[in-house]
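Right, one structure below, let's go through it.
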Amino acid sequence: HPDAERAEREGEAGGEVEGELPAMDMVQDVPGATRPPSVVESTESEDEKAEMQVWLGDDGDWERCRTALKRIGRDGRKLELWKRWFGFGFRSEKDEDEEDKEESDEDDVGKGKVRAEQREVSSSSSSLEKELEEDVGVHTIQPPREYIARVIRDHGSEILRTFVFPDSRAQFVEILDAADLLGELKAGMGVSDQAQVLDFWSYAPTTPTSAHHDGAGKADTHSSSG
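For the sequence shown, the UniProt record's numbering assigns the number 226 to the last residue and increments by one with no breaks.
Here it is in structure tokens:
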């Protein structure tokens with residue numbers, strides 16, 4: 001029967017193909033033929049990790065920070081990035097419980113409000129963290145306090161200048177206060193209280209740098225619509 005013979009030949013051909021597969025695998029596994037995937041992955045992951053780090057505690061912290069902020073076009077995103085760097089939204093329940101005990105001895109409405117907001121966004125913090133990392137290309141993990149404090153003290157005015165709208169600067173100052181780092185900003189700017197920080201920026205003349213950031217001058221004079 002022709003059909004039976006054809007089926008038998010196809011079966012033999014299939015057997016030959018199946019028999020060749022192990023030999024092909026052996027060729028691919030010859031040592032030295034290709035670079036082991038594990039080595040490639042580890043090398044790439046180390047390089048990517050280094051590129052995504054902003055806070056290393058060296059003199060390059062501010063340059064890396066400024067580069068990351070420049071990649072974000074919206075003030076809101078910049079504020080979210082700073083919140084992550086300050087650790088808001090990524091605290092453990094144990095840390096929050098300890099802070100609540102300390103907070104009971106303080107009459108600070110601002111800090112309580114920010115911490116309440118932290119709990120509200122905790123459920124979506126993971127997805128937001130991924131979005132920020134994709135937008136900025138850097139890790140949003142919280143750096144050691146001394147790293148970020150030094151940048152706030154030395155470059156506070158420049159950080160405020162990265163925001164287009166006065167309200168964004170005010171929010172940033174509130175975030176600093178909640179993070180107990182407002183003192184670093186005031187010390188760096190040579191002012192004694194929070195009002196002076198905001199007054200300085202409310203009435204400061206438009207600089208070439210701020211004017212370049214999408215109508216910062218219009219925002220400062222409150223002449224923009226919306």
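By construction, the Cβ of each residue, glycine as well, lies at the ideal position given by its N, Cα and C atoms.
Residue 284 versus L181 - alpha carbon distance: The question about residue 284 has no answer here: the residues shown for the chain are numbered 1 through 226.
Distance between A179 and R84 (C-alpha atoms, nearest Å): So the two alpha carbons sit approximately 11 angstroms from each other.
For L81 and T140, believed in contact at Cβ under 8 angstroms, the rounded distance: Contact flag correct, Cβ pair sits at about 6 angstroms.
Within 8 angstroms, strictly: CB atoms of W62 and D154: The Cβ atoms of W62 and D154 sit closer than 8 angstroms to each other.
Contact check, Q171 vs L79, beta carbons under 8 angstroms: Contact flag set, yes.
Cutoff 8 angstroms; reference E146; Cβ partners in own chain excluding five residues on either side: Residues G57 of the same chain have their beta carbon placed closer than 8 angstroms to that of E146, with the five preceding and five following residues left out of the count.
Sequence-distant residues of its chain with Cβ nearer than 6 angstroms to I152 (five each side left out): Only L181, E184, L185 meet the Cβ criterion.
DSSP-derived helix/strand/coil call for G183: Secondary structure of G183 (DSSP, three-state): helix.
Residues near D75 by beta carbon distance below 7 angstroms, same chain, minus five either side: These residues qualify, in order along the chain: F163, V164, F165, S168.
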